[in-house]
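S.K.:
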Amino acid sequence: MDVLFATLSLCYILGVARNATFIIFPVIASLYIFIFFYGSKIEKANSVYLKFMDKRIKTVSELFSSIKSVKFMALEKDYLEKINTARKQELKANLSLVKHQSIMDAVSAIGSALLSVAVFTIAYLCFPQGTLNVQTTFGCLSVFSMIQSPMTFVIVNIGVLFQSKESIDRVLKSLNASEVDKSQNSITKSNILNNNDAASIELVNCVVEWPGTKSESVVALKNISISVPKNTRLTIIGQVGSGKTALVNTILGEMKITSRSKAESIGKISFAPQEPWIFNGTCMENVVFNSKFDAEWYNKVIKACCLDLDFCNFKKGDQMLVGEKGLKLSGGQRQRIGLARAIYAKSEIVVLDDPLSAGKIIN
1 MDVLFATLSL CYILGVARNA TFIIFPVIAS LYIFIFFYGS KIEKANSVYL
51 KFMDKRIKTV SELFSSIKSV KFMALEKDYL EKINTARKQE LKANLSLVKH
101 QSIMDAVSAI GSALLSVAVF TIAYLCFPQG TLNVQTTFGC LSVFSMIQSP
151 MTFVIVNIGV LFQSKESIDR VLKSLNASEV DKSQNSITKS NILNNNDAAS
201 IELVNCVVEW PGTKSESVVA LKNISISVPK NTRLTIIGQV GSGKTALVNT
251 ILGEMKITSR SKAESIGKIS FAPQEPWIFN GTCMENVVFN SKFDAEWYNK
301 VIKACCLDLD FCNFKKGDQM LVGEKGLKLS GGQRQRIGLA RAIYAKSEIV
351 VLDDPLSAGK IIN
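Right, here's the structure in full:
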């Protein structure tokens with residue numbers, strides 16, 4: 001609307017040279033087309049910049065999350081080199097992005113000047129001398145300032161739109177992602193137990209791959225078959241890399257099964273990993289988790305997992321805040337809280353992945 005009003009004002013001011021104003025719309029359209037196609041370069045440069053920024057942040061996060069191991073193994077120089085390399089890549093990508101943004105800003109700044117030069121040139125060359133005098137020229141310049149604001153607004157926001165596309169795509173990908181990958185062909189799980197059903201796990205001739213594997217030749221387990229009926233204890237023993245974790249993840253439904261005769265588990269499953277997830281809450285909250293609180297059952301579980309003595313040594317007992325990731329707890333205490341959580345849930349199937357590796361032997 002501002003551009004149309006400014007064009008009509010120019011027609012009135014220029015008089016017989018009003019036809020020179022027809023160049024306004026082609027010039028503005030040309031600028032917008034240039035900005036639109038150049039915006040793809042900004043989008044690409046911003047994508048590269050965010051990629052290297054994520055790499056740098058990930059490296060720094062890994063360093064801080066495992067700072068004890070890094071200091072213990074004297075890996076400071078190695079991590080410093082990795083971080084510096086990531087920062088150099090990020091700065092190089094940022095320089096490219098800033099260069100493209102500067103070109104966009106320059107086009108935005110000279111757009112109004114280019115428009116006025118085009119109009120004055122056509123008016124001077126194509127119409128009688130004397131049409132452009134000082135009064136007419138300064139009147140036109142005042143009108144051109146009306147065009148500059150909306151034109152600059154559009155150009156700048158086109159650049160911002162292309163620059164934010166990568167971030168918007170990431171947000172949409174996260175919001176649209178399902179909690180469970182429905183395309184992944186995993187074990188069939190059922191929490192419903194009929195009278196004749198027994199809580200069990202059964203795998204027959206299953207070929208298992210790690211999630212996200214693109215190559216069909218990368219197989220975690222091949223032709224695996226197990227049957228675990230109700231009230232049965234199954235111990236999985238094997239060398240490092242033999243597939244113990246892959247089998248556990250298959251039972252939990254976290255693996256991709258590419259071929260099977262049968263793969264199902266019947267009953268609610270609880271899992272106690274070797275590295276338990278502990279949130280910043282009380283000891284009781286970490287054990288009870290989402291289950292309904294039962295004082296009698298809770299005390300039995302605490303005693304069975306040898307947590308009663310630990311709670312007696314805490315000033316606030318089981319109401320002590322454990323800190324982020326169980327910062328105030330020892331490795332054995334964290335594992336036993338994870339084990340207690342799995343037992344307290346009263347699941348038909350309990351999967352334990354070496355939950356006592358950090359425990360101490362007491363004579």
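The sequence shown lines up with residues 1 to 363 when you count with UniProt numbering. For every residue, glycine included, the Cβ atom is placed at its ideal position computed from N, Cα and C.
1) Using the beta-carbon count (16 or more within 10 Å), is residue 73 buried or exposed?
2) Output needed for residue 355: all residues of its chain with C-beta closer than 7 Å, excluding positions within five of it in sequence on either side, in chain order.
3) Short check: CB of residue 349 to CB of residue 201, under 8 Å?
4) To the nearest angstrom, how far is the alpha carbon of residue 100 from that of residue 57?
5) Identify which residue in 326, 247 and 268 has its Cα closest to the Cα of residue 420.
6) Pull up the DSSP beta-bridge partners for residue 271, would you.
7) Taking the beta carbon of residue 370 as the centre, do at least 16 other beta carbons fall within 10 Å, making it buried, or is it exposed?
8) Go ahead and label residue 208 buried or exposed: buried means 16 or more other beta carbons lie within 10 angstroms of its beta carbon, across all protein chains shown.
9) What does DSSP give as the partner residue(s) for residue 206 in the beta ladder?
10) Pull the bridge partners of residue 282 from the DSSP assignment, please.
11) Residue 195 to residue 211, Cα distance in whole Å?
12) In terms of DSSP beta bridges, what is residue 257 paired with?
13) If you check the beta carbons only, do residue 248 and residue 353 fall under 8 Å apart?
14) Using a 10 Å radius around the Cβ and a threshold of 16 neighbouring Cβ atoms, would you call residue 357 buried or exposed?
15) By DSSP, does residue 75 sit in helix, in strand, or in coil?
16) Here's the rule I'm using: 16 or more other beta-carbon atoms within 10 Å means buried, otherwise exposed. How should residue 229 be labelled?
17) Which of the three DSSP states is assigned to residue 195 in this structure?
18) Tell me which residues share the same chain as residue 95 and place their Cβ nearer than 8 Å to its Cβ, disregarding the 5 neighbours each side in the sequence.
19) Is it true that the CB of residue 35 sits closer than 8 Å to the CB of residue 110?
20) Taking residue 252 as the reference, which of 67, 258 and 266 has the closest Cα?
21) Could you name the residues of the same chain whose beta carbon sits closer than 7 Å to that of residue 314, not counting the 5 residues immediately before and after it, in chain order?
22) Looking at the structure shown, is residue 346 part of a helix, part of a strand, or coil, going by DSSP?
23) Nearest by alpha-carbon distance to residue 347: which of 231, 175, 263 and 264 is it?
24) Residue 232 by DSSP, collapsed to three states: which one?
M.R.: So, from the listed chains and residues:
1) So residue 73 counts as exposed.
2) Excluding positions up to five away in sequence, the list reads 272, 274, 335, 338 and 339.
3) Their beta carbons are under 8 Å apart, which means residue 349 touches residue 201 by this criterion.
4) Their backbone Cα atoms lie some 24 Å apart in a straight line.
5) Coverage of the chain is limited to positions 1 through 363, which leaves residue 420 absent and any answer about it impossible.
6) In the DSSP output, where bridge partners are listed per residue, residue 271 has 351.
7) Past the edges of the chain, shown from 1 to 363, lies residue 370, and the structure says nothing about it.
8) Classification for residue 208: buried.
9) Per the DSSP secondary-structure output, residue 206 pairs in a beta bridge with 224.
10) 321.
11) Here the model assigns residue 195 a pLDDT of 49, short of 50, so the residue's position is not dependable, and the following value carries that caveat. One C-alpha to the other measures close to 34 Å.
12) Bridge partners of residue 257: 208.
13) For residue 248 and residue 353, yes; Cβs fall inside 8 Å.
14) Counting the other CB atoms within 10 Å of its CB gives residue 357 a total below 16, which places it among the exposed residues.
15) Coil, per DSSP.
16) Its Cβ having fewer than 16 others within 10 Å, residue 229 is exposed.
17) Since pLDDT at residue 195 reaches only 49, below the 50 mark, its modelled position is unreliable, and the value read off the structure follows with that caveat. In this structure, DSSP gives residue 195 a state outside helix and strand, which the three-state scheme calls coil.
18) Hits under 8 Å: none found.
19) Residue 110 places its beta carbon 8 Å or farther from that of residue 35.
20) If we check each option's Cα against that of residue 252, 266 comes out closest.
21) Taken in chain order, the residues that qualify are 320.
22) Of the three classes helix, strand and coil, the one that applies to residue 346 here is coil, per DSSP.
23) Nearest Cα to residue 347 within the set 231, 175, 263 and 264: 231.
24) In the structure shown, the three-state DSSP call for residue 232 is coil.
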